[in-house]
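If you're matching them up, the sequences are chains R and B in order.
One rule links them: number in the working numbering = place in the first sequence (from 1) + 4.
One rule links them: number in the working numbering = place in the second sequence (from 1) + 4.
Notes for the one structure printed next.
Number of protein chains: 2
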Amino acid sequence: MKLEKVTEQRKRHYDDACGTAHAMDLIGERWAALVVRELLFGPKRFGELRADLPGLSANVLTQRLEGLEESGILQRRRLPPPASAQVYELTSWGYELEPMLLALGRWATRSPLHDPTLPISPTALMLSFKSMYSADRAGDLTATFVIRLGEYSFRLEIAGGAIGVEKAEPDARADAYISAEPAALGAFVYGGAPIDLLAVEGDRALVARLPGLVPLPPKAGS
Amino acid sequence: MKLEKVTEQRKRHYDDACGTAHAMDLIGERWAALVVRELLFGPKRFGELRADLPGLSANVLTQRLEGLEESGILQRRRLPPPASAQVYELTSWGYELEPMLLALGRWATRSPLHDPTLPISPTALMLSFKSMYSADRAGDLTATFVIRLGEYSFRLEIAGGAIGVEKAEPDARADAYISAEPAALGAFVYGGAPIDLLAVEGDRALVARLPGLVPLPPKAGS
DNA sequence: CGGCATCCGGGAAGATACTG
DNA sequence: CAGTATCTTCCCGGATGCCG
């Protein structure tokens, strides 16, 4: 413990009352927004975050978690004794970032420089379904998928024109089940790859409709 | 000119197909989002950007403008010969960032750490009106303001429940005129400062209603 | 293993001065 | 006015090691 630097000039910040500037103070540091993204489906442990964000080193992750906690965007929480582990969880205010991060993601996807062949995390892929979902394309479809991506499983539900995605048990009830690597599922949904490369159970025709439900937005013209 | 480093590994980037990650590649660098913010009401010259973003040094501004141009978010444009000056202007895709930057600003304003007493640029203040505007509060009010903030003048129009803000001539027609420093107008609208500190012409009662039209959102509770 | 501290190299940011 | 050149400072990213 060191008490030096009582002055502690709160890092580098924009000296600006503008809300947008403050937003960049809060989540504009490198990796900060992606840490928030990874927590949007629920709490995670340090090691999970590290595994889901390759390229982010442990010391920087520590710094970001400290900063985001001080900002009130997330909390560290200790799980009940049986599995006494520490997890990081967004606060309700932190969860409110979801629509903005999704909108930014949808906007950035239209960049000519965007490369969809790069690796993608399970969380990011499931969030992309929420941001690309087209209610028009879905019509009055009602369907439930369970999607298993590595260690994580999600339940994707389409009903009443709306889409919902949440963490789920791998064996939760659903009309169709997909097991795949994130990259493979991304290639199928967004890249036109054949369905044969996925492990599908249940209603295969429903899975075949999935790419049509989440069309990529058109690229930005000059 | 130096041609070394043909490899040119496109700066630092997140190696991630996620749209949100790409968005942070595009506008997550320091000052980038604020440069975009300053251009949301129209093109500006290098010196104007520099004046409106105190703390941003010339060399960094040059780098950001280069990066944002390569990304297709803005263009440099040369004005017709009479006033042969170069300006920077958002592309239509760049302008689409407005609702996201406003939403982030509104969200960040609810941070316990947000300090509204810091300096604010004319553009940022006028944008804040768009993001804080409450149609409920406005009811069926119809009103037009001309707001003069230093070198810039804006026209703020409320009609049919909607708000519109745009650059305007200082003597454009309006129901009421306000001339002030950005900080003074901010203190009146958001800080409860008395109207006497503003230079007002025209319908003074209309100006008195302004703070009620743009209520600050409640702070985030834990 | 999870979390955090420390050291180091490279590179971006910030301040200042300079040039067309 | 519109940038460029240079120098310093600090952040980022990787490696290592300590401690619970």
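By construction, the Cβ of each residue, glycine as well, lies at the ideal position given by its N, Cα and C atoms.
Item to check | Test: Arg80/B CB closer than 7 Å to a CB of chain R | outcome: no
Item to check | Coil, strand or helix - Gly2/R by DSSP | outcome: The structure shown does not extend to residue 2/R, since chain R spans only 5 to 226, so no value can be given for it.
Item to check | Residue span of the alpha helix (DSSP H) that contains Phe158/R, given as start and end | outcome: The continuous stretches of alpha helix (DSSP H) do not include Phe158/R, which lies in the beta strand (DSSP E) extending over residues 156-163.
Checklist entry - Where Gly190/B and Gly46/R are concerned, what is the direct C-alpha to C-alpha distance, given to the nearest angstrom? => result Each residue's alpha carbon lies about 38 Å from the other.
Item to check | Buried or exposed by the 16-neighbour rule on C-beta atoms within 10 Å, applied to Asp29/B | outcome: buried
Item to check | Among Ile167/B, Gly59/B, Gly195/B, the one whose alpha carbon lies nearest that of Arg16/R | outcome: Gly59/B
Item to check | C-alpha distance - Thr113/B paired with Lys134/B, whole-angstrom precision | outcome: 14 Å
Next on the checklist: Rounded to the nearest angstrom, what separates Ala36/B and Tyr181/R at their Cα positions?
Outcome noted: Whole-angstrom Cα-Cα distance: 42 Å.
Item to check | Members of the stretch 44-71 of chain R near chain B, C-beta cut-off 7 Å | outcome: Gly59
Next on the checklist: How far does the beta strand (DSSP E) with Val91/B in it extend, from its first residue to its last?
Outcome noted: 90-94
Checklist entry - Quick one, which of Gly225/B, Ile199/B, Ala203/B has its alpha-carbon nearest Leu2/B's? => result Residue coverage of chain B in this structure runs from 5 to 226, which leaves residue 2/B outside it and unanswerable.
Checklist entry - In three-state DSSP terms, what is Pro115/B? => result Note on residue identity: the sequence assigns Ser, not Pro, to residue 115/B. Coil, per DSSP.
Checklist entry - With a cut-off of 7 Å, does the C-beta of Pro126/B fall near any C-beta of chain R? => result no
Checklist entry - Do Val91/R and Arg54/R have their C-beta atoms within less than 7 Å of each other? => result no
Checklist entry - Got a sec: is the Cβ-Cβ distance from His118/B to anything in chain R below 7 Å? => result Judged by the 7 Å Cβ criterion, His118/B is in contact with chain R.
Checklist entry - Counting along the chain, where does the alpha helix (DSSP H) carrying Tyr18/B start and finish? => result For Tyr18/B, there is no enclosing alpha helix (DSSP H), as DSSP marks it with neither H nor E.
Next on the checklist: Less than 7 Å between CB atoms is the rule here; does Met28/R satisfy it with respect to chain B?
Outcome noted: At a cut-off of 7 Å between C-beta atoms, Met28/R counts as an interface residue with respect to chain B.
Item to check | Closer than 7 Å to chain R by CB, Leu105/B | outcome: yes
Item to check | N- and C-terminal bounds of the alpha helix (DSSP H) containing Tyr181/B | outcome: No alpha helix (DSSP H) contains Tyr181/B, which is instead part of the beta strand (DSSP E) from 180-184.
Checklist entry - Does any C-beta atom of chain B lie closer than 7 Å to the C-beta of Leu238/R? => result Residue numbering for chain R in the displayed model covers 5 to 226; residue 238/R lies beyond these limits and cannot be assessed.
Item to check | Opening and closing residue of the alpha helix (DSSP H) in which Gly230/B lies | outcome: One cannot answer for residue 230/B here, as it falls past the ends of chain B, which runs 5 to 226.
Checklist entry - Who are the neighbours of Ser132/B on chain R, taking C-beta pairs under 8 Å? => result Per Cβ cutoff of 8 Å: Cys22, Gly23.
Checklist entry - Checking contacts by CB at 7 Å: is Asp19/B closer than that to chain R? => result yes
Next on the checklist: Is it the case that the stretch 17-27 of chain R contacts the stretch 117-133 of chain B, given that we only count it when at least three CB pairs across the two stretches are under 8 Å?
Outcome noted: yes
Next on the checklist: Using a Cβ-Cβ distance cut-off of 7 Å, determine whether Leu38/B contacts chain R.
Outcome noted: yes
Next on the checklist: Can you give me the C-alpha to C-alpha distance between Ala197/B and Ala89/B, rounded to a whole angstrom?
Outcome noted: 40 Å
Next on the checklist: Given this structure, state the Cα-to-Cα distance separating Trp111/R from His26/B, to the nearest angstrom.
Outcome noted: 9 Å
Checklist entry - Ser135/B versus chain R: which residues are under 9 Å apart at the beta carbon? => result Gly23, Thr24
Next on the checklist: If I measure Cβ to Cβ from Ala142/B and keep anything under 8 Å in the same chain, skipping five residues before and after, which residues do I get?
Outcome noted: Ile162, Gly165, Ile167, Leu217
Checklist entry - How about Arg159/R and Ala172/R: do their beta carbons lie closer than 7 Å? => result yes
Checklist entry - Under a CB-based cut-off of 7 Å, is Lys6/B close to chain R? => result With a pLDDT of 31 at Lys6/B, under the threshold of 50, the modelled position of this residue cannot be trusted; read the value that follows with caution. No, its Cβ sits nowhere closer than 7 Å to a Cβ of chain R.
Checklist entry - Quick one, which of Thr127/R, Pro116/R, Gly225/R, Thr95/R has its alpha-carbon nearest Leu106/R's? => result Thr127/R
Next on the checklist: Output needed for Ala187/B: all residues of its chain with C-beta closer than 6 Å, excluding positions within five of it in sequence on either side, in chain order.
Outcome noted: none
Next on the checklist: Please report the straight-line C-alpha distance between Ala224/B and Glu93/R, rounded to a whole angstrom.
Outcome noted: A direct Cα-Cα distance of roughly 16 Å separates Ala224/B from Glu93/R.
Item to check | Which listed residue (Glu73/B, Asp175/B, Glu33/B) has its alpha carbon closest to that of Thr95/B | outcome: When only C-alpha atoms are compared, the closest one is Glu73/B.
Checklist entry - Taking only beta-carbon atoms, is Arg41/B less than 7 Å away from chain R? => result yes
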